[in-house]
Amino acid sequence: MKNEVREYRRIRELSQADLAEGLGVSRQTIIAIENGRYSPSLPLAFRIAHYFEVPVETMFDPSEEAEA
Amino acid sequence: MNMKNKHARLIAPLSTLAVGTTIAVAVRIGHRWSDAIATEVVVVLFAVGYYLLTGTKSDIGAIYGQREDERQRHVVMKASRFAMIVMFGVTFVIALIMVAANKTYWQEDVIASVGGVSYFLALLANGAHDEDATGDDRGIMATDSVTGVDQKNNVRPPM
């Protein structure tokens, strides 16, 4: 599933560690999500979207496969 | 690191120490003091190793340190499934050998060891590694193509 996490994180000038701490997950999980190797659960997907104050469908696009 | 995480990190090593010491006591009952001491030394080394492992920022460190997140729990499930399959396989092979050799022994230690090693290897294989990290810079400002989207321009830092 393609997502915009990396782009939004960079706009906010956040490191992966900052975002991981803000979401209560590990940095490795942020890396895996950004690289499209892990699709987050629905609660985490909503947490990410809320964190960046965008709709979840803006953050995640289930119709597209992520570039690994 | 808060106190809860600090204590969580001690669970795996202390459990190892407790179980291992029980085994060492059993060894002392059935064997010599030197055997029991050697067993306890190995147990302490394992416990220290566990403690050091739980302090790392890797997936394995988080899992053994009882602070795993949802993806790491998923890794645990995959590793458990793999270890289970391997243990079934080994059990089957040992059963075949038993029947062929017309013996009635049962190598529980082999099955358990292979299962444990498989689990650990599966954790390593399925876990994320730091070398996968990309873009952990302190925020490269967005390019025009990104900021061109209205919703992204409206992004504000969380309160």
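Residue numbers (my numbering), protein chains in the order written: chain L, 1 to 68; chain W, 1001 to 1159. All C-beta atoms in this analysis are idealised placements derived from N, C-alpha and C, irrespective of residue type, glycine included. Nothing here was measured: the structure is a model prediction, and the numbers come from that model.
Output the distance between the C-alpha atoms of Ala1101 of chain W and Val1025 of chain W, rounded to the nearest integer angstrom. Cα to Cα, Ala1101 of chain W sits roughly 35 Å from Val1025 of chain W.
8 Å Cβ cutoff, Ala1062 of chain W in contact with chain L: Yes, Ala1062 of chain W lies at the interface with chain L (some Cβ there is under 8 Å from its Cβ).
Would a check of beta-carbon distances place Ser69 of chain L closer than 8 Å to chain W? Because chain L here runs from 1 to 68, residue 69 of chain L falls outside it and cannot be looked at.
Quick check on the DSSP output: the alpha helix (DSSP H) that includes Asn1126 of chain W runs from which residue to which? Glu1108 to Asn1126 is the span of the alpha helix (DSSP H), which, as asked, contains Asn1126 of chain W.
Of the residues that make up the region 1067-1082 of chain W, which ones have a beta carbon closer than 9 Å to any beta carbon in chain L? Closer than 9 Å at the C-beta level to chain L, one finds these residues of the region 1067-1082 of chain W: Arg1067, Glu1068, Asp1069, Glu1070, Arg1071, Gln1072 and His1074.
Do the CB positions of Phe46 of chain L and Met1 of chain L come within less than 8 Å of each other? Against a cut-off of 8 Å, the Cβ pair of Met1 of chain L and Phe46 of chain L comes out as no contact.
For Asp1059 of chain W, go through chain L and note every residue whose CB falls closer than 7 Å to its CB, in chain order. Chain L residues near Asp1059 of chain W: Gln28.
Alpha carbon to alpha carbon, what distance is there between Val1114 of chain W and Leu1052 of chain W? Whole-angstrom Cα-Cα distance: 23 Å.
With which residues is Lys2 of chain L paired in a DSSP beta bridge? Under DSSP, Lys2 of chain L takes part in a beta bridge, and its partners are L:Asp61.
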